[in-house]
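Notes follow the structure.
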Amino acid sequence: MKKELTVEGMSCNHCKANIESTLNKLEGINQVFVNLDNKLVEISYNEQEISIEKIIELIDDLGFEVITT
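Counting from 300, one number per residue, gives the positions in the sequence shown under this note's numbering.
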């Protein structure tokens, strides 16, 4: 499954690296790509192993805000 999330609060390469490294350590995450310019986090994951709600919660726990529409 692939999902694109709009994330507020990302402003630098440290923010990008923090999100990518944290999510990439999780079981069920295949790939994470952060685009700072567009405020997007693109995630490829196995929904049998991890839910999008858990991913959003983890991003929020890092101090960022996921905008859901």
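Beta carbons are placed, not taken as given, at the ideal position from N, Cα and C, and that holds for glycine.
Reduced DSSP secondary structure (H/G/I, E/B, other) of K315: The residue given as residue 315 occupies position 16 in the sequence shown. Helix, per DSSP.
field: Status (buried if at least 16 other CB within 10 Å, exposed otherwise) for F363
entry: Within the sequence shown, residue 363 is the residue found at index 64, counting from 1. Counting Cβ neighbours within 10 Å, F363 comes out buried, since at least 16 surround it.
field: Contact set for N345: own chain, Cβ-Cβ below 6 Å, skip 5 residues either direction
entry: Residue 345 sits at position 46 when you count from the first residue of the sequence shown. Closer than 6 Å at Cβ, skipping near neighbours: G327.
- prompt: Among all the DSSP beta bridges, which residues are the ones paired with S343?
  reply: For this step, residue 343 is matched to residue 44 along the sequence shown. Bridge pairing for S343: K301, Q330 [DSSP].
query: Can you give the Cα-Cα distance for T321 and L339, rounded to whole angstroms?
result: The count along the sequence shown starts at 1 and reaches residue 321 at position 22. The count along the sequence shown starts at 1 and reaches residue 339 at position 40. Rounded to the nearest angstrom, the gap between the Cα atoms of T321 and L339 is 16 Å.
query: Whole-angstrom Cβ separation of K301 and M309, contact assumed at under 8 Å?
result: On the sequence shown, residue 301 is found 2 positions in, with the first residue counted as 1. On the sequence shown, residue 309 is found 10 positions in, with the first residue counted as 1. About 19 Å separates the beta carbon of K301 from that of M309, a gap too long to meet the 8 Å contact definition.
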